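Counting in my numbering, the sequence shown runs from 1 upward without gaps. Built from N, CA and C at the ideal position, the CB exists for glycine as well. For clarity, every value in this text was computed on a predicted model and none was experimentally measured. The structure under discussion appears below in the form of structure tokens.
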Amino acid sequence: MAVTRSIALQAVNTGLWSLKRSSSRIFQQAQTVRALTTIMSPPSKAVVYEHHGPPDSVTRVIELSPVEVKENQVCVKMLAAPINPSDINRIEGVYPVRPQVPAVGGYEGVGEVYSVGSAVKDLSPGDLVIPSPPSSGTWQTYVVKDQDMWHKISKDSPIEYAATVTVNPLTALRMLEDFTTLNSGDSIVQNGATSIVGQCVIQLARFRGIHSVNIIRDRPGSDEVKERLKALGADEVFTESQLEVKNVKGLLSNVPEPTLGFNCVGGNAASLVLKFLRQGGTMVTYGGMSKKPITVSTSSFIFKDLSLRGFWLQKWLGADKAKECRDMVDYLLCLAKERKLKYEMELVPFDNFNSALDKALGKLGSQPKQVIKF
Ligand SMILES: NC(=O)c1ccc[n+]([C@@H]2O[C@H](COP(=O)([O-])OP(=O)(O)OC[C@H]3O[C@@H](n4cnc5c(N)ncnc54)[C@H](OP(=O)(O)O)[C@@H]3O)[C@@H](O)[C@H]2O)c1
């Protein structure tokens, strides 16, 4: 403003130019001043897809031009972001809510504030932030979003946990809360126990004195996997083939019949969850990793009165839960910082994105969660 005024005075004092030429010059100089004060992001390296389809053929890493950081916006230098099954489904075009193409992949992650717009008060360069609730486009080196889309977290939060805390741990926490009242001494049963959600369910249940019965796929090294899940607090871990018996509940030693079951696999693995449930129990489906449908016997309804429910975090977050989401994220990050909540991850440099994607797509068999490090 002061600069613009001095430009105007300068123009009047010279008295040499016509009014028309002066005002045109003032306009040009004012434009230059505005351009100089405009904050721009650095160019960003991003995983972009222009069409839906198989992620390993439709994604490519490209450089995006700098964008303006508007007055209430924040530019964040991303540090890490995971490849979750739902990210893959969004790129495939089969997820019910997805960004319009062309789009940048990713939905959660963590970064450091790089620059802020002139009206931003509560965030400063260097702050550690996550998009909360999560939002699309985290697979890039610089992300610009409105200030209220970022949640500031403690600077000593472990980066890989900050990057992954929302989608999966929060799902585990909500599912333990939202369907039945679980008391200490009760038990739950789940398939897909090696997933991050599964590992979190085991630990969050254990904190509350709730037992867990866990089902994993038959895979090389399954004994080692069982030991790892037991070290997290799992009471029982079975491979699917171990459960090919008439009475699966006969395999439970000191664990009561589960009241609540979680299914993220479908097919036979879902039927096994149902078999473990006690009279009147509930199975919550939150994923479909095997892409096979769930088959429920008639007797499960008539004689066991089982209930089938579903959970979708995005719907839960949509119900005005932004504040609650942030409180729970802080709680989960505290647990992670204290090493009370842990799960397996592999941090992969951004340059190796394609091999991380292949692992996340299951091309190399069972792999830990792939987390891109920018
Ligand atoms: N509804 C929601 O709001 C919500 C929120 C978060 C997550 N989810 C869902 O939760 C599930 C787990 O997500 P995550 O990120 O925690 O998983 P993750 O850590 O990426 O692990 C993938 C899991 O899927 C299993 N798996 C992979 N391919 C499979 C197949 N063909 N058949 C059977 N099992 C297979 C893996 O078993 P192995 O270890 O044996 O390879 C592993 O347990 C996914 O379905 C995801 O979409 C849903």
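From the DSSP output, in three-state form, read off residue i for me.
i	result
Asp146	strand
Tyr107	coil
Ala46	strand
Lys369	strand
Lys321	coil
Thr32	Its pLDDT being 48, under 50, Thr32 is placed unreliably by the model, and the measurement read from it follows with that caveat. Thr32 falls in the helix class under three-state DSSP.
Glu224	helix
Arg206	helix
Cys334	helix
Ala234	coil
Met283	strand
Tyr95	coil
Gln242	helix
Lys152	strand
Ile377	Nothing can be reported for residue 377, as the shown portion of the chain is limited to 1 through 374.
Ser355	helix
Ser157	coil
Gly261	strand
Lys292	strand
Leu364	coil
Can you give me the Cβ contacts of residue i inside the same chain, cut-off strictly under 7 Å, excluding the 5 residues immediately before and after it?
i	result
Arg60	Val48
Cys200	Asn168, Pro169, Ala172, Leu341, Tyr343
Pro42	Pro66, Tyr142
Val255	Ser187, His211, Val213, Asp235, Glu236
Which residue from the options puts its Cα closest to that of residue i?
i	options	result
Lys89	Met283, Val67, Asp56, Leu308	What sits at residue 89 in the sequence shown is Asn, not Lys. For Asn89, the nearest C-alpha among the options comes from Asp56.
Glu257	Val265, Asn247, Gly266	Asn247
Pro134	Asp127, Met289, Thr141, Lys145	Lys145
Val116	Glu108, Gly126, Phe238	Gly126
Leu102	Thr194, His52, Ala336, Leu260	For clarity, residue 102 is Pro in the given sequence; the question names Leu instead. The option with the nearest alpha carbon to Pro102 is His52.
Ser297	Arg326, Leu306, Ser290	Leu306
Phe276	Thr295, Val213, Ser241, Arg228	Val213
Thr37	Glu71, Lys337, Leu229, Lys45	Glu71
Val104	Val97, Asp87, Tyr95	Asp87
Met345	Ser299, Ile196, Asp327, Lys226	Ile196
Glu227	Tyr161, Thr194, Asn263	Thr194
Quick one: what's got a C-beta closer than 6 Å to residue i's C-beta in the same chain, skipping five residues either side?
i	result
Gln279	Lys304
Thr32	Low local confidence applies: a pLDDT of 48 at Thr32 is under 50, so the model's placement there is unreliable, and no value is given.
Phe350	Ile372, Phe374
Leu182	Ile210
Gly93	His52
Gly281	Thr259, Leu306
Glu50	Val101, Pro102
Quick check: residue i and residue j, are their CB atoms within less than 8 Å of each other?
i	j	result
Val74	Ile39	no
Gly389	Trp139	With the chain covering only 1 through 374, there is no way to say anything about residue 389.
Ala80	Ala163	yes
Gly310	Gly288	no
Leu333	Ile153	yes
Gly261	Val245	no
Ala269	Ser290	yes
Ile202	Leu243	no
Pro158	Ala336	yes
Gln370	Lys363	no
Arg208	Ser184	yes
Leu347	Glu160	yes
Met283	Leu308	yes
Excluding five sequence neighbours on each side, which residues of the same chain lie with their C-beta closer than 8 Å to the C-beta of residue i?
i	result
Trp150	Val74, Val76, Val113, Leu123, Val129, Ile130, Pro131, Ser132
Glu338	none
Ser222	Ile216, Thr239
For chain C, is any of its Cβ atoms less than 8 Å away from the one on residue i?
i	result
Ser135	Absent here is chain C; the protein component of the structure consists of one chain.
Using a threshold of 7 Å, is the CB atom of residue i nearer than that to any non-hydrogen atom of ligand 2?
i	result
Thr138	Absence of ligand 2 from the depicted structure is noted, with ligand 1 being the only ligands included.
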